[in-house]
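*Asks:* Each step along the sequence shown adds one to the number in the numbering used here, with nothing skipped, and position 29 is 38. Idealized CB from N, CA, C, for every residue including glycine. My structure is below; once you've seen it, I'll send some questions.
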Amino acid sequence: MPIFFEDFERTENSDEIFGVMGRALVIATRFDSMCKTLARAIDLKFPALLQRISDSDFESLIEKSKKKYSTLDKSIKKIELSRDLFVILDDARKARNAVVHDLAIGLEGCVDTKLDEVGFLSEVSKCIFDLARGEVLISNLIQVFNGEEPMRSDRILAYRDGVVSWVIEK
10 MPIFFEDFER TENSDEIFGV MGRALVIATR FDSMCKTLAR AIDLKFPALL QRISDSDFES
70 LIEKSKKKYS TLDKSIKKIE LSRDLFVILD DARKARNAVV HDLAIGLEGC VDTKLDEVGF
130 LSEVSKCIFD LARGEVLISN LIQVFNGEEP MRSDRILAYR DGVVSWVIEK
């Protein structure tokens, strides 16, 4: 394998594959951000409610919380869920890691002849399915945390399937 990137050829098909990867990265990043946001909100809500704190003290709490929940794993553990719900978020975390760290390994330039497209799209679809399940859960948890109604169950499947379709359809 060459050290430098040498294949700069672009085709319609390779652009579509890289588009799938980009959309997968959007979903992975969104899930990661939502989990960290909820963990930090849980961490910050109670000290702020228990005492009147100055703006500078609150800013300090925010910075400490950002450092404390800088990883997805720590953020998910902070949320403290039942085992069944934890597994959904943990599966989504693993899928996020696969998208962010593994999906593009060995893919560069024109992938038309370098890629088992069916296998690749199947792998991406599985990851995005797990991420979408996790996103639905974390979104509902955030809505409940904010005192809002969670997503209706009749919309959950359509949303999840819509996310998967948006990512994998070329």
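On a CA-only basis, which of ASN149, ASP24 and ASP100 is nearest ILE137? Give me that one, please.
*Replies:* Ranking ASN149, ASP24 and ASP100 by Cα distance to ILE137 puts ASP100 first.
*Asks:* Which residue's Cα is closest to the Cα of ASN22: ALA167, GLY156, VAL145 and LYS123?
*Replies:* For ASN22, the nearest C-alpha among the options comes from LYS123.
*Asks:* Beta carbon of ASP93: closer than 8 Å to some heavy atom of the ligand ZN?
*Replies:* The ligand ZN is absent from the structure shown, which contains no ligands of any kind.
*Asks:* Are ILE223 and GLU132 closer than 9 Å when you measure CB to CB?
*Replies:* Residue 223 cannot be examined here, being either before or after the span of the chain that is shown, 10 to 179.
*Asks:* Looking at CYS44 and ILE5, is the spacing between their C-beta atoms short of 9 Å?
*Replies:* The shown model of the chain, from 10 to 179, leaves out residue 5, and the question about it has no answer.
*Asks:* Whole angstroms is fine: what's the gap from ASP163's alpha carbon to ASP121's?
*Replies:* Approximately 39 Å, taken between the alpha carbons.
*Asks:* Can you give the Cα-Cα distance for ALA141 and ASP16, rounded to whole angstroms?
*Replies:* Computed Cα separation, rounded: 33 Å.
*Asks:* Ignore the nearest five residues each way along the sequence and tell me which others in ASN155's own chain have a CB closer than 8 Å to its CB.
*Replies:* Nothing listed; no residue qualifies.
*Asks:* THR80: which of VAL96, LYS179, PHE95 and ARG102 sits nearest, CA to CA?
*Replies:* The option with the nearest alpha carbon to THR80 is ARG102.
*Asks:* For VAL173, which residues of its own chain have a beta-carbon under 8 Å away from its beta-carbon, when the five flanking residues on both sides are left out?
*Replies:* These residues qualify, in order along the chain: SER134, ILE137, PHE138 and ALA141.
*Asks:* Under 7 Å Cβ to Cβ from GLU178, same chain only, skipping five residues before and after it: list those, please.
*Replies:* Excluding sequence neighbours, GLU178 sits near nothing in its chain.
*Asks:* When you compare each of TRP175, ILE114 and LEU47 to LEU90 by their alpha carbons, which one comes out closest?
*Replies:* Ranking TRP175, ILE114 and LEU47 by Cα distance to LEU90 puts LEU47 first.
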